[in-house]
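Q: Chain order of the listed sequences is A and B. Mapped onto the UniProt record's numbering, the consecutive letters of the first sequence carry residue numbers 1 to 198. Mapped onto the UniProt record's numbering, the consecutive letters of the second sequence carry residue numbers 1 to 647. Below are the structure tokens for one structure; questions will follow.
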Amino acid sequence: MKIDASKPLEYSTEENSNKIFGFWVFLGAEIPLFATLFTVYFVMVNRFASGPSGKELFEIGPVLMETFLLLTSSFTIGLAIHAMRHGYKKAMMFFMGITLLMGLGFIGIEIDEFFTYVHEGATLQTSGFLSSLFVLLGTHGAHVSFGFLWGAGIMIQLWRQGITPATANKAFIFSLFWHFLDVVWIFIFSFVYLKGMM
Amino acid sequence: MDLDKFKVHGEPLIYGAMVSIALATIGILVGLTYFKKWGYLWREWLTTVDHKKIGVMYILAALLMLFRGGVDAIMMRLQTAAPEMKFLDAQHYNEVFTTHGLIMILFMAMPFIIGLMNVIIPLQIGARDVAFPRLNAVSFWLFFMGAMLLNISFVIGGSPDAGWSAYFPLASLEFSPTVGNNYYSLALQISGIGTLITGVNFIVTILKMRAPGMTLMKMPMFTWSVLITNVIIVFAFPVLTVALALMMFDRLFGSQFFTMANGGMDMLWANLFWVWGHPEVYIVILPAFGIYSEIIATFSKKNLYGYTSMVFSMVIISLLSFLVWAHHFYTMGQGVMVNSFFSITTMAIAVPTGVKIFNWLFTLRKGRITFTTPMLYTLAFIPIFTIGGVTGVMLAMASADYQYHNTMFLVAHFHYVLIPGAVFAVIAGFHYWFPKVFGFRLNERLGKHAFWWIIISFNVTFFPLFFLGLMGMTRRMYTYSEESGFGPLNMLSFVGAVGLAIGFVILVYNIYWSTRYMPRDTTSDPWDGRTLEWATPSPIPAYNFAVVPNVKTRDAFWAAKQDNVPLFEDKITKIHLPNNTGKPFILGVIFFFLGFFLVFSMWIPAIVAGVGVIIMLAAMSFDRDHGFYVPAEEVIATEKKLRGETV
Ligand code: HEM
Ligand SMILES: [Cu+2]
Numbered sequence: 001m002k003i004d005a006s007k008p009l010e011y012s013t014e015e016n017s018n019k020i021f022g023f024w025v026f027l028g029a030e031i032p033l034f035a036t037l038f039t040v041y042f043v044m045v046n047r048f049a050s051g052p053s054g055k056e057l058f059e060i061g062p063v064l065m066e067t068f069l070l071l072t073s074s075f076t077i078g079l080a081i082h083a084m085r086h087g088y089k090k091a092m093m094f095f096m097g098i099t100l101l102m103g104l105g106f107i108g109i110e111i112d113e114f115f116t117y118v119h120e121g122a123t124l125q126t127s128g129f130l131s132s133l134f135v136l137l138g139t140h141g142a143h144v145s146f147g148f149l150w151g152a153g154i155m156i157q158l159w160r161q162g163i164t165p166a167t168a169n170k171a172f173i174f175s176l177f178w179h180f181l182d183v184v185w186i187f188i189f190s191f192v193y194l195k196g197m198m
Numbered sequence: 001m002d003l004d005k006f007k008v009h010g011e012p013l014i015y016g017a018m019v020s021i022a023l024a025t026i027g028i029l030v031g032l033t034y035f036k037k038w039g040y041l042w043r044e045w046l047t048t049v050d051h052k053k054i055g056v057m058y059i060l061a062a063l064l065m066l067f068r069g070g071v072d073a074i075m076m077r078l079q080t081a082a083p084e085m086k087f088l089d090a091q092h093y094n095e096v097f098t099t100h101g102l103i104m105i106l107f108m109a110m111p112f113i114i115g116l117m118n119v120i121i122p123l124q125i126g127a128r129d130v131a132f133p134r135l136n137a138v139s140f141w142l143f144f145m146g147a148m149l150l151n152i153s154f155v156i157g158g159s160p161d162a163g164w165s166a167y168f169p170l171a172s173l174e175f176s177p178t179v180g181n182n183y184y185s186l187a188l189q190i191s192g193i194g195t196l197i198t199g200v201n202f203i204v205t206i207l208k209m210r211a212p213g214m215t216l217m218k219m220p221m222f223t224w225s226v227l228i229t230n231v232i233i234v235f236a237f238p239v240l241t242v243a244l245a246l247m248m249f250d251r252l253f254g255s256q257f258f259t260m261a262n263g264g265m266d267m268l269w270a271n272l273f274w275v276w277g278h279p280e281v282y283i284v285i286l287p288a289f290g291i292y293s294e295i296i297a298t299f300s301k302k303n304l305y306g307y308t309s310m311v312f313s314m315v316i317i318s319l320l321s322f323l324v325w326a327h328h329f330y331t332m333g334q335g336v337m338v339n340s341f342f343s344i345t346t347m348a349i350a351v352p353t354g355v356k357i358f359n360w361l362f363t364l365r366k367g368r369i370t371f372t373t374p375m376l377y378t379l380a381f382i383p384i385f386t387i388g389g390v391t392g393v394m395l396a397m398a399s400a401d402y403q404y405h406n407t408m409f410l411v412a413h414f415h416y417v418l419i420p421g422a423v424f425a426v427i428a429g430f431h432y433w434f435p436k437v438f439g440f441r442l443n444e445r446l447g448k449h450a451f452w453w454i455i456i457s458f459n460v461t462f463f464p465l466f467f468l469g470l471m472g473m474t475r476r477m478y479t480y481s482e483e484s485g486f487g488p489l490n491m492l493s494f495v496g497a498v499g500l501a502i503g504f505v506i507l508v509y510n511i512y513w514s515t516r517y518m519p520r521d522t523t524s525d526p527w528d529g530r531t532l533e534w535a536t537p538s539p540i541p542a543y544n545f546a547v548v549p550n551v552k553t554r555d556a557f558w559a560a561k562q563d564n565v566p567l568f569e570d571k572i573t574k575i576h577l578p579n580n581t582g583k584p585f586i587l588g589v590i591f592f593f594l595g596f597f598l599v600f601s602m603w604i605p606a607i608v609a610g611v612g613v614i615i616m617l618a619a620m621s622f623d624r625d626h627g628f629y630v631p632a633e634e635v636i637a638t639e640k641k642l643r644g645e646t647v
């Protein structure tokens, strides 16, 4: 495999740059996916039948915490990639680890939130509104959970193999994914929670 | 556990099918063991990452599904051939038209096209491989396992029965209590993920792996059509993913998306389905346009007329295809403004399509035409598709649609576009590219026999349906009375369907006959082709091109032959190739079981399979297989041998 030293490591082979481009295309598919879920949510948002509405359900505290964790983790994954570009394996692992831990914290809060809802009688089965809420949040949460496993796998490979064109490529693609989840969350935060609480 | 839900209701036909499936399976297993072919099967096919072999497997699977969908079609035509027929009961008829539509579109037309594009696209752009060969294998196995999952439904648990569009509330647990629509949501989901991956893979392949010098506007038309198609896939399939997931939630977990109470909304399904469903129709038709363009240029010995307008018309069609979905339910109460909007956008599609038709006609004009089998299908396509298009514009008029909505008129229309627009195209492409892959042509005489049977019978089958529709025979009706007067035309249509079946049998016989008797082709360019795929030896070596071509014009191979423009200027060096891997296949099998367990709400095994999927993904991520190199000497030797020189 030829490595082009004039490019950042993650782009340094043809295979690598194809993978990054391919991942952008894949993110192109994630946009209609989430757009559809948002659309479904907006169609359903006032259809709460006999169940509770968003206003009755949402609490700002945990949501702010989730937002804080995810936004910060998007920053730390950026730091990890920055460290990677300088070849600092330890720093990179450290920042990736922090990123994943914050992701885990996010998932924890979300699960707790779901339990609270169900406890208050707001289940997936209660109303069209709640079905769409759970599925929208759940899809995003599932992405974060998947990202946690994926990131952990990459960390193991980094730890074993060091920063190579292959591992750098994987870590960089992972960072794109993570930023994307952050963007989706900003939409959820603004249009589901803030708007729902108004 | 409740074993009853695995059983299907007692129908002699289904028991017969069960027995024949069991016998065929045993036969295959015994045959493989007897001829000691397990190792061969595993090494050469199940683990392959070669785009050509993956393409061949797609096409084989599609032919198999054409047979299955065709049997469904014959059963339906037989059931409606005369008034008050007692061949199928209502439930069975529902299942048959549902699986027929699903299989024909999702498991026959689309995979056939994906198969052709797998074989041909890397060759046409002068590449040695697709961008992600292993992912390509994953795509295929997900498609295949999804198709199998749907196919076992009619012997285990019951088939979906709410139409291929699965409208709610018809497809809800309340009105469709068998597991049939669980199969629908899961089988389509699994194969749909495979399709999405294909979309990503081929966009990257086409945009990043073209031979040096092949700018976008020098790409062959089939490559263009495939590029645009894959863009549609990437934007449309996620909508299906969501729709199917919501359907699964409704049916398996009791959520309220499409229900009639608790805030659910059945029309939401119709919208989501057709936001994907209409572009899906173009996913199968645009590549067909590409195939026809290649064939017309080759067999008229002319450059394609209006290349640029061909490209732009496809781009416009692809954009419009996302803006017309509501023409599928004008009558479901969405108001005049909405109907008018969708009526106008729908009719607008006729304009770029018309541009293409005229470009083809102008290409033919003054061409030196040879009437080969692929060319015959192409020539037949033009008028037949035009009838389909004109009736489509008739349907697009919202007010008139109240008259023919959901009648046989619609059934006639969409067969008049889908069969010439997709089926004839893949058959034409199949005949056209067959010698490239296998190194010999299909017999022309048998090919033309099949052609005439298919073309004539097609019109006999479907033309009467226009009139039946105008007479008021509704779609999806399993029987009718003597007084309705629908009898004679339906009988005619049945006769046509039998003729179609005969045509397809001749086509398949041709493959068998030609494999045995046709002379092997030594030139590797039997049609005097224009594009790069004809520049490789046939059969194609694993690495495609010993030397990557340098492209200077459109139809680069033609230019190389006619004007002596050099195509291969570099020296042969070692070539990198990926290793085979069994992981995509295993992943596919696990997905199959995951789907199956979910269909029957068997949660514990489903969770186990889900964990299995994650383990396989991790295994693929941890894989450190970097492929291998074919040494330059070996490449040179292979080339000499394939080109018929003695080493
Ligand atoms: C080969 C000969 C074929 C025959 C004789 C045939 C016949 C039929 C018949 C009788 C129906 C049902 C009409 C009704 O009761 O509503 C039908 C429906 C349908 N066909 Fe075909 N068909 C053929 C090929 C195809 C092909 C190649 C495609 C697609 C590529 C296709 C796509 C469909 C679809 C989407 C439906 C609608 C199913 C539904 O209502 O859910 N057919 N066909
Ligand atoms: Cu449509």
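Every residue, glycine too, gets a C-beta built ideally from N, C-alpha and C.
1) Give a single yes or no on whether B:V495 has its beta carbon closer than 8 Å to a heavy atom of ligand 1.
2) Against B:A131, what residues of chain A qualify as contacts under a CB-to-CB distance less than 9 Å, listed in chain order?
3) So B:T195 and B:F237 are in contact, right, with Cβ under 8 Å, and what is the actual spacing, rounded?
4) Any beta-carbon of chain B closer than 9 Å to the one on A:L33?
5) List, in chain order, every chain B residue whose beta-carbon is nearer than 8 Å to that of A:G127.
6) Shorter than 9 Å from the beta carbon of B:F140 to some beta carbon of chain A?
7) Using a C-beta cutoff of 9 Å, does A:R85 count as contacting chain B?
8) Please identify the residue among A:F106, A:L101, A:H143 and A:F191 whose C-alpha is closest to the C-alpha of A:M155.
9) Of all the CB atoms in chain B, is at least one closer than 9 Å to the CB of A:L124?
10) Look at the alpha carbon of A:K19 and the alpha carbon of B:I296, and state the distance between them as a whole number of angstroms.
11) Where DSSP assigns a beta bridge to B:V630, which residues make up the other side?
12) Among the candidates B:M260, B:L186, B:K302 and B:T391, whose CA atom is the shortest distance from the CA of B:T346?
13) Round the Cβ separation of B:N579 and B:F628 to the nearest angstrom and send it over; I've been treating them as touching at under 8 Å.
14) Flag B:I74 as yes when its Cβ comes closer than 8 Å to any non-hydrogen atom of ligand 1, and as no otherwise.
15) Between A:F134 and chain B, is the shortest Cβ-Cβ distance under 9 Å, so that the two count as touching?
16) Chain B partners of A:V25, CB-CB under 7 Å?
17) In whole angstroms, what separates the C-alpha of B:I636 from that of B:Y183?
18) Let me confirm a value: B:G333 is counted as buried when at least 16 other C-beta atoms fall within 10 Å, else exposed. Which label applies?
19) Below 9 Å between beta carbons: does that hold for B:I427 and B:I454?
20) Do B:M85 and B:T479 have their CB atoms nearer than 9 Å?
21) Would you check whether ligand 2 has a heavy atom nearer than 8 Å to the C-beta of B:G389?
22) Candidates B:F371, B:F249, B:Y330 and B:G39: which alpha carbon is nearest B:S172's?
23) Could you give the uninterrupted runs of the alpha helix (DSSP H) lying entirely in the segment 145-232 of chain B, keeping only those of 4 residues or more?
24) Taking the alpha carbon of A:L27 as the reference point, which residue from A:S175, A:F189 and A:M197 has its own alpha carbon closest?
25) Just the chain B side, please: which residues come within less than 7 Å of A:V184 by C-beta, in chain order?
26) Check whether the segment 154-161 of chain B and the segment 9-20 of chain B touch, using three or more Cβ-Cβ pairs below 8 Å as the test.
27) Closer than 7 Å between the C-beta and any heavy atom of ligand 3: which residues qualify, listed along the chain?
28) I want to see whether chain B comes within less than 9 Å of A:G121, judged by CB atoms only; does it?
29) With B:M310 as the anchor, note down where its alpha helix (DSSP H) starts and where it stops.
30) For A:G28, would you say it is in contact with chain B, using Cβ-to-Cβ distances shorter than 9 Å as the test?
31) How about B:W164: is its Cβ closer than 8 Å to a heavy atom in ligand 1?
32) Residues of chain B with a CB under 9 Å from the CB of A:M44: which are they?
33) Report yes if the C-beta of B:Y478 is less than 8 Å from at least one heavy atom of ligand 1; otherwise report no.
34) Under the three-state reduction of DSSP, which class applies to B:V647: helix, strand or coil?
35) State the beta-bridge partners of B:T98 as determined by DSSP.
36) Just the Cα atoms here: how many angstroms apart are B:A162 and B:T98?
A: Reading off the structure:
1) no
2) E15, N18, K19, F21 and G22
3) 6 Å
4) yes
5) According to the sequence shown, residue 127 of chain A is Ser rather than Gly. Within 8 Å Cβ-Cβ: Q256, N262 and G263.
6) no
7) no
8) A:L101
9) yes
10) 36 Å
11) B:I575
12) B:T391
13) 6 Å
14) yes
15) yes
16) V200, I203, V204 and V234
17) 51 Å
18) exposed
19) yes
20) yes
21) no
22) B:F249
23) 180-208
24) A:S175
25) Result: empty, since nearest Cβ-Cβ is about 13 Å, beyond 7 Å.
26) yes
27) For the structure depicted, ligand 3 is absent and the ligand set comprises only ligand 1 and ligand 2.
28) no
29) Y307 to L320
30) yes
31) yes
32) Q256, F257, G263, G264, M265 and L268
33) yes
34) Its pLDDT being 47, under 50, B:V647 is placed unreliably in this model, and the value from its coordinates should be taken loosely. Of the three classes helix, strand and coil, the one that applies to B:V647 here is coil, per DSSP.
35) B:T98 pairs with nothing; no bridge assigned.
36) 6 Å
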